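Everything below concerns the one structure shown next.
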Amino acid sequence: MTVMRDKVVKALVELEVRGDENGLMPGYNVLVNFLPTSFWNTFAERMLNAAPADKKDQVRAGLYQCAQECGYHTGWGIINSDEFQSVVMPMVTEGAKDVLRGAFAVFTAWGWAKSGVVQIKDSERMVIRAQDYYEQDIKSTNEKMGFMVKAVSGAFFDLAFGAKYPDGLGTFVCEQTKGIEVGDEFGEFVVTKK
Amino acid sequence: METSRTSHHDVLTGSISLTNVSDLIQFIGMSGKTGELVLRNDHTGEDGRLYFANGQLHCVLAGERAGLEGLAHIICWESGQFFFSQDVHSPCSNVEMPLNHAIMEAARLADETGGTAGFEESLFDALDDDSLFDGFCEEPPTLKQQAQRRATAEMKKAEAKENLKEVLSTLPHGFGPTPRLNSWSASWRAIREKDPSGAKTPSPSSQDPVVENSETPVVPPTNPERREEHIMRESTEILSDLLKVPGVDAVVVAGRDGFIIEAAGSSNRVNIDDLGAAIANTINGIEEMGTELNVNKFNDLFIEYGRAVIMCKPVGDAIAAIITPDASKLGIIRHKASKLFDELKEIF
Amino acid sequence: MSIPFEIKFDENTYRHHVEGVTMVMHCHHYMSLTTKLADSLEDMGGVKILRESAEDAIRELLDAYFKAHNISGSGERLNTGREMYSVLGLGKLEVFGNDGGGEVKVLRSHVDEGWVQKFGKSSKFVNHFTCGYLAAMFAAAFGRPARSFNVYETASLAMGEPEGKIIVKAN
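Residue numbers (the working numbering), protein chains in the order written: chain A, 1 to 194; chain B, 1 to 348; chain C, 1 to 171.
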């Protein structure tokens, strides 16, 4: 038995998203918001398009960092949440590998990207593929724009094989090797040690 | 590939690397030809000779191997030359089944023997029940046990040979489906696509179409650059090659969690995500069973639905599934897909 | 009072939609760092880009919502926009205004409170997202095109004020 993503997706796909009496959504150890994907996409796209050549790398690094910290902290909140403990953990038989599979199943169920694990080498390398991620809608930059999946993949691997939370952030780094937004059939993301 | 006319015979020649042996044999069978097909393996220098009468394969000779054993040996060759001479008659008859069935049987034997090993050495080892239980033992067998097993295996080999003869002699005339056009035409298209100009392949045989006694220079067995390129191939390319195997409808690679990593082919009839989940659930169940029984990891899984078959195989940390609507092609699919699966293992 | 809010799941793409608009959850870390990135690249118009991105995205959502729920009155639209702000987990507002502009009290704020949780008290205004949101809300309510309203903060929860204050003015 390993984590079966269809079971996770079916269990978690119905989002319970709505601000409380203060208009806030505390959950998973963070404050959650629920916004149009076009906001995040437009921001990334316009920032990159507006940046002069010497600042493009700074923008890319910034976009990566935003998602990396999001993935690390929210990821921690997710794997310690009641949902994860009740739905995913009973299926975990292969330790960190299964927790990662579960995390990507949740990642899929919550609409970030239809993504999953292709290969994991403990503490060394992980390959993720995504057939549908919202950043694939960004076309005008003519470059790979999957900052969210990229950085979150790295952050999840940090949680699995880096130092104990919250000291493991940035142990691993992720590169996007393929992107639907640049004409590939899927997005591919490779995590390696920094 | 080209045809030419010598003083006595029409000759068809070409390079094996541009097609594959089974497609070539099927083509000759479909054409209803009578004659001799000579295959020359560049790698080993061996010759194989196949004799046809009105498209029916009558005789196979390959060094010391003959009949199905010879065909199983030849069918794996990937490089070399072939020459077909019309109206050469068969010196003997050692293939006693329809062509298509012979190809399937040979492919199956080749698959079981790892493609290159001898028929006797490996086919009957596979029939040795004792070896099936090796996976149950934590300790390796002692020398005495090994000797006993060898003796048992020898007896079983003799028995199996007799049984095989009986089975072959009882096969009805015309057994097995007629070869379909698509397998050859697909290969033909592939050849044309590789060389759209239609220019001749610069091979010794194309320069000298005379078959008999042509002194073919030995080409180095492997080209290192090509090999490297082979290793670096993308999974998408490999899946696309799997789809070219005749009879394969769709190919799916799924993670152990049911995540569809990649898919190719006509899988519109099923929801691809559901298929991934179903495959993963099934494999997990089978692996659990294997663990409980303390046997080795599973190698293959065949699920038959009428004539359609789903064949699953582990590829690294993932599972590859091939969907074929025609179970009769399973042997040849297994044979042809084997190396592609090995390539996929490197990726996943 | 709260507004109906139905999230639809697309079984093919696994995306979530509200009235046809694709939506996604994120956390205050993401929002705070995005805000900080825009601030740090102010020399290339980072803050303006953030505000305008928010305005355009929220306008699309509000227009779709108003259409789907047949909401046509300006007052009702302003009120729905205010409610939507809370439903999306962005905080709690009090809104006073007309087609010339208005004044908005920020009682609770995802952006400001998230910022404080992550970085501590801020020395400057950081709620650029809400400024963009309000520009979209006023323009959608009064049927005006994008960039019809100028929006600026005068008090900030992130800077330690008990409530935030944002001024909206028609161009």
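Beta carbons: idealized from backbone N, C-alpha and C, even for Gly. As the structure is a computational prediction, the values presented were derived from the model and not from experiment.
> Using DSSP with H/G/I as helix, E/B as strand and the rest coil, what is residue 234 of chain C?
Replying inline: The question about residue 234 of chain C has no answer, for chain C in this structure spans 1 to 171.
>> Beta carbons nearer than 8 angstroms to chain C: which residues of the segment 47 to 62 of chain A have them?
In response: From the segment 47 to 62 of chain A, only 47, 50, 51, 52, 55, 58, 59 and 62 have a Cβ closer than 8 angstroms to chain C.
> Hey, which unbroken runs of the alpha helix (DSSP H) at 4 residues or more fall wholly within the segment 232 to 269 of chain B?
Replying inline: Runs of the alpha helix (DSSP H) spanning 4 or more residues and lying entirely within the segment 232 to 269 of chain B occur at 235 to 244, in chain order.
> Skipping 5 residues on each side, what residues in its chain have a beta carbon closer than 8 angstroms to that of residue 171 of chain C?
Replying inline: Reading the third sequence from its first residue, position 171 is the one you call residue 171 of chain C. 147, 148, 149 and 150.
> Could one say the Cβ of residue 277 of chain B lies closer than 9 angstroms to chain A's Cβ atoms, at least one of them?
Replying inline: Along the second sequence, read from residue 1 onward, the residue named residue 277 of chain B stands at position 277. So yes, residue 277 of chain B belongs to the interface.
>> In the DSSP output, which residue or residues are listed as bridge partners for residue 25 of chain A?
In response: If you number the first sequence from 1, residue 25 of chain A lands on position 25. Note: residue 25 of chain A sits in a beta bridge opposite A/32.
> Exposed or buried, residue 152 of chain C, counting other C-beta atoms within 10 Å across all chains shown (16 or more means buried)?
Replying inline: For the purposes of this step, residue 152 of chain C is taken as residue 152 along the third sequence, with counting starting at 1. Label assigned to residue 152 of chain C: exposed.
> Which same chain residues, not among the five before or five after residue 230 of chain B, have their C-beta less than 6 angstroms away from its C-beta?
Replying inline: Residue numbering aside, residue 230 of chain B sits at position 230 when the second sequence is read from its first letter. Legend: pLDDT at residue 230 of chain B = 41, less than 50; position of this residue unreliable, value from coordinates given subsequently. The answer is none, since no qualifying residue turns up.
>> With H, G and I counted as helix, E and B as strand and the rest as coil, what does DSSP make of residue 153 of chain C?
In response: Locating residue 153 of chain C in the third sequence gives position 153, counting from the first residue. Residue 153 of chain C: strand per DSSP, three-state reduction.
> Of all Cβ atoms in chain A, is any one closer than 9 angstroms to the Cβ of residue 92 of chain C?
Replying inline: On the third sequence, position 92 is the one that residue 92 of chain C refers to. By this cut-off, residue 92 of chain C is an interface position.
>> To be precise: take each residue of the segment 123 to 136 of chain A, compare its Cβ to all Cβ atoms of chain C, and keep it if any distance is under 9 angstroms. Which residues remain?
In response: Flagged, chain order: 131, 132 and 134.
> Can you find at least 3 beta carbon pairs, one from the segment 46 to 66 of chain A and one from the segment 84 to 94 of chain C, that sit closer than 8 angstroms?
Replying inline: Counting C-beta pairs closer than 8 angstroms gives fewer than three between the segment 46 to 66 of chain A and the segment 84 to 94 of chain C, which falls short of the contact rule.
> Taking C-alpha atoms, which residue in A/72, A/93 and A/18 lies nearest to residue 163 of chain A?
Replying inline: The sequence position of residue 163 of chain A within the first sequence is 163, counting from 1. Nearest option by C-alpha distance: A/72.
> For the segment 80 to 94 of chain A, which residues have a beta carbon sitting closer than 7 angstroms to at least one beta carbon of chain C?
Replying inline: Listed by position along the chain: nothing, the set is empty.
>> According to DSSP, residue 41 of chain B sits in a beta bridge with which residue or residues?
In response: On the second sequence, residue 41 of chain B is found 41 positions in, with the first residue counted as 1. DSSP lists B/80 as partners of residue 41 of chain B.
> Per the contact definition of three or more C-beta pairs closer than 8 angstroms, is the segment 43 to 60 of chain C in contact with the segment 9 to 20 of chain A?
Replying inline: Under the three-pair Cβ rule at 8 angstroms, the segment 9 to 20 of chain A does not count as touching the segment 43 to 60 of chain C.
>> Just checking: is the beta-carbon of residue 55 of chain B within a distance shorter than 9 angstroms of some beta-carbon in chain A?
In response: Counted from its first residue, the second sequence places residue 55 of chain B at position 55. Between residue 55 of chain B and chain A, the shortest Cβ-Cβ separation is not below 9 angstroms.
> Mind checking residue 76 of chain B: buried by the 16 CB within 10 Å criterion, or exposed?
Replying inline: Within the second sequence, residue 76 of chain B is the residue found at index 76, counting from 1. Classification of residue 76 of chain B: buried, given that the 10 Å Cβ count is 16 or more.
> Would you call the CB atoms of residue 37 of chain B and residue 16 of chain B closer than 9 angstroms?
Replying inline: One-based indexing of the second sequence puts residue 37 of chain B at position 37. One-based indexing of the second sequence puts residue 16 of chain B at position 16. Against a cut-off of 9 angstroms, the Cβ pair of residue 16 of chain B and residue 37 of chain B comes out as no contact.
> Within 9 angstroms (strictly less), CB to CB, does residue 157 of chain C reach chain A?
Replying inline: Counting from one through the third sequence, the residue named residue 157 of chain C turns up at place 157. No, residue 157 of chain C lies away from the interface with chain A (no Cβ there is under 9 angstroms from its Cβ).
> For residue 165 of chain A, which three-state DSSP category applies?
Replying inline: As a first step, residue 165 of chain A must be located in the first sequence, where it is residue number 165. DSSP places residue 165 of chain A in coil when its eight states are reduced to three.
> Taking the alpha carbon of residue 250 of chain B as the point to measure from, which residue in B/53, B/266 and B/341 has its own alpha carbon closest?
Replying inline: Taking the first residue of the second sequence as 1, we reach residue 250 of chain B at position 250. Selected option, being the one with the closest Cα: B/266.
>> Judging by CA-CA distance, which residue of B/287, B/74, B/263 and B/260 is the nearest neighbour of residue 42 of chain B?
In response: Along the second sequence, one-based indexing puts residue 42 of chain B at 42. The candidate whose alpha carbon is nearest that of residue 42 of chain B is B/74.
> Taking 9 angstroms as the CB-CB cut-off, is residue 199 of chain A touching chain B?
Replying inline: Given that chain A is displayed from residue 1 to residue 194, the structure contains no residue 199 of chain A and the question cannot be resolved.
>> Please state the DSSP three-state secondary structure of residue 47 of chain A.
In response: Taking the first sequence and counting its residues from 1, the one referred to as residue 47 of chain A is at position 47. Helix, per DSSP.
>> Give me, in chain order, the residues of the same chain whose beta-carbon lies closer than 6 angstroms to that of residue 8 of chain C; leave out the 5 immediate sequence neighbours on both sides.
In response: For the purposes of this step, residue 8 of chain C is taken as the residue at position 8 of the third sequence. For residue 8 of chain C, the CB contacts under 6 angstroms within the same chain, skipping 5 residues up- and downstream, are 17 in chain order.
> Would DSSP call residue 138 of chain A helix, strand or coil?
Replying inline: Taking the first residue of the first sequence as 1, we reach residue 138 of chain A at position 138. DSSP places residue 138 of chain A in the coil class of the three-state scheme, outside both helix and strand.
>> Applying the 10 Å Cβ sphere with the 16-neighbour rule, what's the burial state of residue 324 of chain B?
In response: Within the second sequence, the letter at position 324 stands for residue 324 of chain B. It is buried - the Cβ of residue 324 of chain B has at least 16 other Cβ atoms within 10 Å.
> Could you give the residue range of the alpha helix (DSSP H) that holds residue 85 of chain A?
Replying inline: The residue given as residue 85 of chain A occupies position 85 in the first sequence. Here residue 85 of chain A belongs to no alpha helix (DSSP H), and DSSP marks it neither H nor E.
>> Could you compute how far the alpha carbon of residue 166 of chain A sits from the alpha carbon of residue 274 of chain B?
In response: Your numbering for residue 166 of chain A matches position 166 in the first sequence. Your numbering for residue 274 of chain B matches position 274 in the second sequence. One C-alpha to the other measures close to 37 angstroms.
> So does the segment 34 to 42 of chain A actually touch the segment 105 to 122 of chain C, counting three or more Cβ pairs closer than 8 angstroms?
Replying inline: The answer is no - the segment 105 to 122 of chain C does not touch the segment 34 to 42 of chain A, with fewer than three Cβ pairs under 8 angstroms.
>> Please report the straight-line C-alpha distance between residue 66 of chain C and residue 145 of chain A, rounded to a whole angstrom.
In response: On the third sequence, residue 66 of chain C is found 66 positions in, with the first residue counted as 1. On the first sequence, residue 145 of chain A is found 145 positions in, with the first residue counted as 1. Distance between the alpha carbons of residue 66 of chain C and residue 145 of chain A is about 32 angstroms.
>> With the cut-off set at 9 angstroms, would you say residue 317 of chain B and residue 255 of chain B are in Cβ contact?
In response: One-based indexing of the second sequence puts residue 317 of chain B at position 317. One-based indexing of the second sequence puts residue 255 of chain B at position 255. In this structure, residue 317 of chain B lies near residue 255 of chain B, with their beta-carbon atoms less than 9 angstroms apart.
>> What ranges does the alpha helix (DSSP H) occupy inside the segment 66 to 91 of chain C, keeping only unbroken runs of at least 4 residues that lie completely in it?
In response: Those alpha helix (DSSP H) runs which fall completely within the segment 66 to 91 of chain C and span 4+ residues are 74 to 87.
> Which residues mark the beginning and the end of the beta strand (DSSP E) in which residue 126 of chain A is found?
Replying inline: In the first sequence, residue 126 of chain A corresponds to position 126, counting from 1. Its beta strand (DSSP E) spans residues 125 to 133.
> Where residue 320 of chain B and residue 57 of chain C are concerned, what is the direct C-alpha to C-alpha distance, given to the nearest angstrom?
Replying inline: Position 320 of the second sequence holds residue 320 of chain B. Position 57 of the third sequence holds residue 57 of chain C. The straight-line gap separating the alpha-carbon atoms of residue 320 of chain B and residue 57 of chain C is approximately 41 angstroms.
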